[in-house]
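Here the structure comes first, spelled out in structure tokens, and everything after it is commentary.
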Amino acid sequence: MKKPWKVIVMLSLVLMMGITGCGGGMSRDHGTPEGKTPQDDADIPFRQESPQQLPVEVKKRWEELQATGEPTGVAVHTDKHTYVIATSGMRPTGGYRLNIQRIHRQGHTVVVYAEEQAPPPGSLVTQVITYPTTVVSIPLQTDVTFQFQIKTARPPAQT
């Protein structure tokens, strides 16, 4: 009579594990934690683009964005790529550069990290207002929201 109880207890345990699951938070569809796909949390490779080689609609947005005077960014989608345009805003002289450091996708959000470099103190720069802007292309990213984190530089101390 002890054996039937053991069998019933074992079957009950197996049934409970089957009902509640014992996957430890792993998705059965993707094999990744909490059902995330590999592109849900990954860096996106990008390529620096020359303004002269941009598609017409991208070049138009690039020119519009330069005139804003504020640190900002946009994403422009074409048939094959998404072009990411970032600007650090109006600067009092030449010598400033804006570089995209990293582009990272987290679920339905793509975060663009850019950093501005100021001219070295005491360097010779053009005395003209500039609008440092950069453009990169990434694989087509639709149905996502773009966020821009642009770290601006302090102007060099005048000597």
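In our numbering, the protein residues as written are 18 to 176.
The beta carbon of each residue, even a glycine, is placed where N, CA and C say it ideally should be.
Quick caveat, the model's predicted, so the values are computed rather than measured.
Exposed unless 16 or more other CB atoms sit within 10 angstroms - verdict on residue i
{"i": "E74", "result": "exposed"}
{"i": "P109", "result": "exposed"}
{"i": "Q118", "result": "exposed"}
In DSSP terms, what residue i is bridged to
{"i": "P156", "result": "H98"}
{"i": "F165", "result": "V129"}
{"i": "Q65", "result": "V153"}
Any non-hydrogen atom of the ligand NAD closer than 7 Å to residue i Cβ
{"i": "T169", "result": "This structure does not include the ligand NAD; it has no bound ligands of any sort."}
For residue i, the nearest candidate out of the options (CA to CA)
{"i": "G90", "options": "V161, R171, A170, T150", "result": "T150"}
{"i": "V101", "options": "Q144, A59, V142, T162", "result": "T162"}
{"i": "V152", "options": "D57, P62, W79", "result": "W79"}
{"i": "G112", "options": "Q166, T126, Q134", "result": "Q134"}
{"i": "T147", "options": "V128, H98, P136, Y130", "result": "P136"}
{"i": "R64", "options": "L157, T169, Q83, E87", "result": "L157"}
Practice task
For the segment 72-150, list the alpha helix (DSSP H) runs that are entirely contained and at least 4 residues long, ordered along the chain.
Solution key: 73-83
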